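Residue numbers (my numbering): 53 to 417.
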Ligand SMILES: [Zn+2]
């Protein structure tokens, strides 16, 4: 009888371990956890370790829709807009543009400044290639990035890089009509008002810095060269040597025709998406709307692992922080084979690319 309490504690302990490690066998879990890259908050792109095992892919969420991917010695940046003082009162994801010392490629999910603002300086410093639509490509070139590093895309391209292939589809940006978030803005100004200092910073910023506000204000939806919503938003499918396939989208727009065609073409060839990153954000903070849009896309892509993007934009951003619980509960019913992961800033997510088993280093330091 005296042994029962300790046996009980043992069972609880094992259950907790299984929860953290997903479906890992003990042996693979050890392999993933033994990777130094999976045991640090330091991004690989900022001088941290890259996976040693060629079957381990490291993924790290770096705020807003930024992710880094490190695999077989290569480092890819999905969007580039880190801690900065361009926005009023800044945003703190724990990494600054100047921290980035290593990148092979930058994929720009859409041509709004808060998704590529740090691409020019990083590309100049690291020599990274940049894949981007017209507005971003022009801006990046204007900042002195050599043309040979810039791949202009419009959706439908297949670009071969050393070690991986990038397929693109034209996507659709999430709704950004002012009426869509009027109620939410009114609510947050009441319950979470800006301090006088923050108001002053905002006024100063709006007075005219050469940044995203100005770029966005100059857009014209009638002009394909100068529009983000229908001409500058992209979905990327990365197929790595060895076959692991990663999908990336940095906005919570509705499923586009191009995205649907790309998904169908991959599935028609018996291909599967191992890991999908898709936007989860609704400016009016309507969870039913947000879940409907993201869930429709998760169902079409049917990934083994799903992570949201643009759902956690910094504590002072004028964007709602989206709760992942209600989305994941809905996905648990509609796509039961998909494992959803909520990433936190800089924590490593390591995936065995042969088996899709994963380890999330929520508690590493
Ligand atoms: Zn945008």
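Heads up, the beta-carbon is just placed ideally off N, CA and C, and yes, glycines get one too. In this text the structure is predicted, and so the values were computed from the model without any measurement.
(message) By the three-class DSSP mapping on this structure, what secondary structure does residue 317 have?
(response) Counting from one through the chain shown, the residue named residue 317 turns up at place 265. In the three-state scheme derived from DSSP, where H, G and I count as helix and E and B as strand, residue 317 is classed as helix.
(request) Label residue 415 either buried or exposed according to how many other C-beta atoms from any shown protein chain fall within 10 Å of its C-beta, with 16 as the threshold for buried. (result) Within the chain shown, the letter at position 363 stands for residue 415. Exposed, because fewer than 16 other Cβ atoms sit within 10 Å of the Cβ of residue 415.
(message) I'd like to know whether the C-beta atoms of residue 331 and residue 356 end up nearer to each other than 8 Å.
(response) Numbered from 1 along the chain shown, position 279 holds the residue referred to as residue 331. Numbered from 1 along the chain shown, position 304 holds the residue referred to as residue 356. Their beta carbons are not under 8 Å apart, which means residue 331 does not touch residue 356 by this criterion.
(request) Please name the residue or residues paired with residue 204 in a DSSP beta bridge. (result) Along the chain shown, read from residue 1 onward, the residue named residue 204 stands at position 152. Answer by DSSP bridge pairing, in chain order: 184.
(message) Can you find the residues in the same chain that come closer than 8 Å, C-beta to C-beta, to residue 186, ignoring five residues on each side of it along the sequence?
(response) For the purposes of this step, residue 186 is identified with residue 134 of the chain shown, where counting begins at 1. So the qualifying residues of the chain are 163, 204, 206, 276, 277, 278, 283, 284.
(message) Helix, strand or coil for residue 309? Go by DSSP, reduced to three states.
(response) Here the question's residue 309 lines up with position 257 in the chain shown. In the structure shown, residue 309 sits in a helix (DSSP, three-state: H, G or I).
(message) Quick check on DSSP: helix, strand or coil for residue 332?
(response) Within the chain shown, numbered from 1, the residue matching residue 332 stands at position 280. For residue 332, the secondary structure class from DSSP, reduced to helix, strand or coil, is coil.
(message) Could you check whether the Cβ of residue 319 sits closer than 7 Å to any heavy atom belonging to ligand 1?
(response) Reading the chain shown from its first residue, position 267 is the one you call residue 319. No - ligand 1 has no heavy atom lying nearer than 7 Å to the Cβ of residue 319.
(message) Give me, in chain order, the residues of the same chain whose beta-carbon lies closer than 8 Å to that of residue 297; leave out the 5 immediate sequence neighbours on both sides.
(response) For the purposes of this step, residue 297 is taken as residue 245 along the chain shown, with counting starting at 1. Residues 289, 290, 291, 318, 323, 324, 325, 326, 327 of the same chain have their beta carbon placed closer than 8 Å to that of residue 297, with the five preceding and five following residues left out of the count.
(request) With a threshold of 7 Å, establish whether the CB of residue 225 neighbours any heavy atom of ligand 1. (result) If you number the chain shown from 1, residue 225 lands on position 173. Yes, the beta carbon of residue 225 sits closer than 7 Å to at least one heavy atom of ligand 1.
(request) Grab me the residues of residue 174's own chain with a C-beta within less than 8 Å of its C-beta, minus the 5 sequence neighbours each way, in chain order. (result) What you label residue 174 is simply residue 122 of the chain shown in a count that begins at 1. Closer than 8 Å at the Cβ level, and outside the excluded window around residue 174, lie 129, 132, 149, 152, 155, 158, 180.
(message) Are there any heavy atoms of ligand 1 lying less than 7 Å away from the beta-carbon of residue 132, as far as the coordinates show?
(response) Along the chain shown, one-based indexing puts residue 132 at 80. Because no heavy atom of ligand 1 lies under 7 Å away, the Cβ of residue 132 does not count as near it: no.
(request) Could you please give the first and the last residue of the uninterrupted alpha helix (DSSP H) stretch that includes residue 176? (result) By 1-based counting over the chain shown, the position of residue 176 is 124. Taken as a continuous stretch (DSSP letters only), the alpha helix (DSSP H) holding residue 176 covers 171-178.
(message) Between residue 346 and ligand 1, is there a pair consisting of the residue's CB and a ligand heavy atom that are separated by less than 7 Å?
(response) Taking the chain shown and counting its residues from 1, one reaches residue 346 at position 294. Not a single heavy atom of ligand 1 lies less than 7 Å from the C-beta of residue 346.
(request) Output the distance between the C-alpha atoms of residue 96 and residue 85, rounded to the nearest integer angstrom. (result) On the chain shown, residue 96 is found 44 positions in, with the first residue counted as 1. On the chain shown, residue 85 is found 33 positions in, with the first residue counted as 1. For residue 96 and residue 85, the distance between alpha carbons rounds to 16 Å.
(request) Consult DSSP for residue 344 and reduce its assignment to one of helix, strand or coil. (result) Looking up residue 344 in the chain shown gives position 292. For residue 344, the secondary structure class from DSSP, reduced to helix, strand or coil, is helix.
(request) With DSSP as the reference, label residue 148 as helix, strand or coil. (result) As a working mapping, residue 148 is identified with position 96 in the chain shown. Reduced to three states, the DSSP call for residue 148 is strand.
(message) Taking a contact to mean a Cβ-Cβ separation below 8 Å, would you say residue 110 touches residue 122 in this structure?
(response) Taking the chain shown and counting its residues from 1, the one referred to as residue 110 is at position 58. Taking the chain shown and counting its residues from 1, the one referred to as residue 122 is at position 70. Yes, they are a contact pair.
(request) Below 7 Å CB to CB, which residues in the same chain sit around residue 386 once its five sequence neighbours on both sides are set aside? (result) Taking the chain shown and counting its residues from 1, the one referred to as residue 386 is at position 334. Correct list, in chain order: 347, 351.
(message) I'd like the list of long-range same chain contacts for residue 94, defined as Cβ closer than 6 Å, with 5 residues on each side in sequence excluded.
(response) Position 42 of the chain shown holds residue 94. Here the set comprises 100.
(message) Along the chain, where does the beta strand (DSSP E) containing residue 395 start, and where does it finish?
(response) Stepping through the chain shown from its first residue, residue 395 is reached at position 343. Segment: none, residue 395 is in no beta strand (DSSP E) and carries neither H nor E.
(request) Could you pull the start and end residues of the alpha helix (DSSP H) that residue 361 belongs to? (result) What you label residue 361 is simply residue 309 of the chain shown in a count that begins at 1. Secondary structure note for residue 361: it is in no alpha helix (DSSP H), and the uninterrupted beta strand (DSSP E) holding it is 357-361.
(message) Taking 8 Å as the threshold (C-beta atoms), are residue 192 and residue 202 in contact?
(response) Walking along the chain shown from the start, residue 202 turns up at place 150. Walking along the chain shown from the start, residue 192 turns up at place 140. A contact, by the Cβ cut-off of 8 Å.
(message) In whole angstroms, give me the CA-to-CA distance for residue 305 and residue 280.
(response) As a working mapping, residue 305 is identified with position 253 in the chain shown. As a working mapping, residue 280 is identified with position 228 in the chain shown. Cα-Cα distance, rounded: 12 Å.
(request) Could you check which residue in 105, 340, 313, 358 has the C-alpha nearest to that of residue 329? (result) Numbered from its first residue, the chain shown carries residue 329 at position 277. Of 105, 340, 313, 358, the residue nearest in Cα terms is 358.
(request) Reducing DSSP to helix, strand and coil, say where residue 136 ends up. (result) The residue you call residue 136 lines up with position 84 of the chain shown. Residue 136: strand per DSSP, three-state reduction.
(request) Counting only the same chain and skipping the five closest in sequence on each side, list residues whose C-beta sits under 6 Å from that of residue 413. (result) Locating residue 413 in the chain shown gives position 361, where the first residue counts as 1. Counting only Cβ-Cβ distances below 6 Å, and skipping sequence neighbours, we find 90, 399, 400.
(request) Could you tell me if residue 301 is buried or exposed, where buried requires 16 or more neighbouring beta carbons within 10 angstroms of its beta carbon? (result) Counted from its first residue, the chain shown places residue 301 at position 249. The residue is buried, with at least 16 neighbouring Cβ atoms inside 10 Å.
(request) State the Cα-Cα distance for the pair residue 405 and residue 299, rounded to the nearest angstrom. (result) In the chain shown, residue 405 corresponds to position 353, counting from 1. In the chain shown, residue 299 corresponds to position 247, counting from 1. Spanning the two alpha carbons is a distance of roughly 14 Å.
(message) Quick check on the DSSP output: what are the complete beta strand (DSSP E) runs of length 3 or more inside the region 278-303, in order along the chain?
(response) With a minimum length of 3 residues, the continuous beta strand (DSSP E) runs that stay inside the region 278-303 are 286-292, 297-300.
(request) Take the Cβ of residue 103 as the centre, count every other Cβ of all protein chains shown within 10 Å, and call the residue buried at 16 or more, exposed below. (result) Within the chain shown, the letter at position 51 stands for residue 103. Its Cβ being crowded by 16 or more others within 10 Å, residue 103 is buried.
(request) Using only alpha-carbon positions, find the residue among 362, 208, 372, 232 that is nearest to residue 223. (result) Position 171 of the chain shown, counting from 1, holds the residue named residue 223. If we check each option's Cα against that of residue 223, 208 comes out closest.
(request) In the DSSP assignment, find the unbroken beta strand (DSSP E) run with residue 409 in it and report its ends. (result) Here the question's residue 409 lines up with position 357 in the chain shown. In the DSSP assignment, residue 409 falls outside any beta strand (DSSP E) and carries neither an H nor an E.
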